[in-house]
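Numbering (our numbering), first residue to last: 1327 to 1639. Virtual Cβ for every residue (Gly too), placed ideally from N, Cα, C. Note that this is a predicted model, so its numbers are computed, not measured. Below: the structure, in structure tokens.
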């Protein structure tokens, strides 16, 4: 990576480390959380029975249209996210499947040739009620509408991070000879509206996606939690931050780096990143990722920043 990119990363890290988490939280509360976009969401309005929450919209301009269906039945609650200046970045932010949208979910995966699914919620959360439909087979195979999903293998991304599970599925559509293989990352211990106790799970997932996941326009990754905005948005903005420092134009104002990415994300996916905790968490993950990449020094300031933030998480 160029010395210019290293300088940009250091300038941003200096701002984060010198300002502290309270300044980051204030930035979210005063700017990001108020940032809304008035894009049309007619398909969302017309398909409330396929939406988990009535107040989490799905923009029309970049929604994933199910192409083999009639216009009145082509909806799944998912939006494409692109990164300005990077033609190879394509991530789909999606709602976790409901019992009545599981077939459509696999249709989307097959149609878009999704390379990796990242699931950041458990099937049951809170008072032990089902929150996300069990949309993949725990063994052998299951059929969802026209799509048969077979479990090929299961593993861990990193044996030191046992909560981040990796599976590979084969998806076959009825009547077609070709199949599609998709990776599936499952991290079920990220609490809703909050963050994990450490940045290790997020860093583990992001690094694997950068090295193996594929994020091109022809084979995007798909990230979902329940609504597809909080936990999902936190991971995506972290991906955007790491990719941006590597590939896009110069970072003009360090204090605005993640803020502008978060606003760009909200232009694609309404309400992305729900809390100041999640916003701080993304900053903490990026600090660690930049240190791993050798862009900044992993010194006491970096370690202390993560430690100081631990009680907030």
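Legend entry - For residue 1523 and residue 1591, the rounded distance between their alpha carbons: Stepping through the chain shown from its first residue, residue 1591 is reached at position 265. Stepping through the chain shown from its first residue, residue 1523 is reached at position 197. Taking the straight line from one Cα to the other gives about 24 Å.
Inset, instruction - Report the residue ranges of all alpha helix (DSSP H) runs contained in full by the region 1454–1536; include only those spanning at least 4 residues, in chain order. - result: 1526–1534
Legend entry - Simplified DSSP state of residue 1553, which is helix, strand or coil: For the purposes of this step, residue 1553 is identified with residue 227 of the chain shown, where counting begins at 1. Correct three-state label for residue 1553: coil.
Inset, instruction - Report the rounded CA-to-CA distance for residue 1486 versus residue 1533, giving the unit in angstroms. - result: Taking the chain shown and counting its residues from 1, the one referred to as residue 1486 is at position 160. Taking the chain shown and counting its residues from 1, the one referred to as residue 1533 is at position 207. Roughly 14 Å between the two C-alpha positions.
Inset, instruction - Check the DSSP bridge columns for residue 1389 and list the partner residues they point to. - result: Taking the chain shown and counting its residues from 1, one reaches residue 1389 at position 63. Paired residue(s): 1405.
Inset, instruction - Decide if residue 1609 is buried, meaning its Cβ has at least 16 other Cβ atoms within 10 Å, or exposed. - result: Position 283 of the chain shown holds residue 1609. Buried, by the Cβ-count rule.
Legend entry - Exposure of residue 1579, with buried meaning 16 or more beta-carbon neighbours within 10 Å: Mapped onto the chain shown, residue 1579 falls at position 253. So residue 1579 ends up on the exposed side.
Legend entry - the region 1394–1407 touching the region 1355–1366, judged by at least three CB pairs closer than 8 Å: no
Inset, instruction - Take residue 1589 and list the residues in its own chain whose beta-carbon comes closer than 7 Å to its own, dropping the five residues that flank it on each side. - result: In the chain shown, the residue the question calls residue 1589 occupies position 263. Correct list, in chain order: 1358 and 1361.
Inset, instruction - Would you kindly work out how many angstroms separate the C-alpha atoms of residue 1348 and residue 1369, rounded to a whole number? - result: Position 22 of the chain shown, counted from the start, is the residue given in the question as residue 1348. Position 43 of the chain shown, counted from the start, is the residue given in the question as residue 1369. Approximately 39 Å, taken between the alpha carbons.
Legend entry - Exposure of residue 1482, with buried meaning 16 or more beta-carbon neighbours within 10 Å: For the purposes of this step, residue 1482 is identified with residue 156 of the chain shown, where counting begins at 1. Label assigned to residue 1482: exposed.
Inset, instruction - Let me know if residue 1600 comes out buried or exposed under the rule of 16 or more other beta-carbons within 10 Å of its beta-carbon. - result: By 1-based counting over the chain shown, the position of residue 1600 is 274. Buried, because 16 or more other Cβ atoms sit within 10 Å of the Cβ of residue 1600.
Legend entry - contact_flag[the region 1510–1519, the region 1425–1444] where n(CB pairs < 8 Å) is 3 or more: yes
Inset, instruction - Figure out for me which residue from 1387, 1350, 1377 and 1375 has the closest Cα to the Cα of residue 1365. - result: Sequence index remark: in the chain shown, residue 1365 carries index 39 (1-based). For residue 1365, the nearest C-alpha among the options comes from 1387.
Inset, instruction - Quick one: give me the first and last residue of the alpha helix (DSSP H) that residue 1442 is part of. - result: Residue numbering aside, residue 1442 sits at position 116 when the chain shown is read from its first letter. Element bounds for residue 1442: not the alpha helix (DSSP H) but the beta strand (DSSP E), 1442–1445.
Legend entry - Limits of the beta strand (DSSP E) - the one that residue 1449 falls within: Within the chain shown, residue 1449 is the residue found at index 123, counting from 1. Element bounds for residue 1449: n/a, residue is neither H nor E.
Inset, instruction - Would you kindly work out how many angstroms separate the C-alpha atoms of residue 1465 and residue 1474, rounded to a whole number? - result: Here residue 1465 refers to the residue found at position 139 when the chain shown is read from its first residue. Here residue 1474 refers to the residue found at position 148 when the chain shown is read from its first residue. Each residue's Cα considered, the two are about 13 Å apart.
Inset, instruction - Verify whether the separation of the beta carbon atoms of residue 1642 and residue 1472 is less than 9 Å. - result: There is no way to answer for residue 1642, as the model of the chain reaches only from 1327 to 1639.
Inset, instruction - Would you mind sorting residue 1426 into buried or exposed? The rule is 16 or more other CB atoms within 10 Å of its CB. - result: Your numbering for residue 1426 matches position 100 in the chain shown. Counting Cβ neighbours within 10 Å, residue 1426 comes out exposed, since fewer than 16 surround it.
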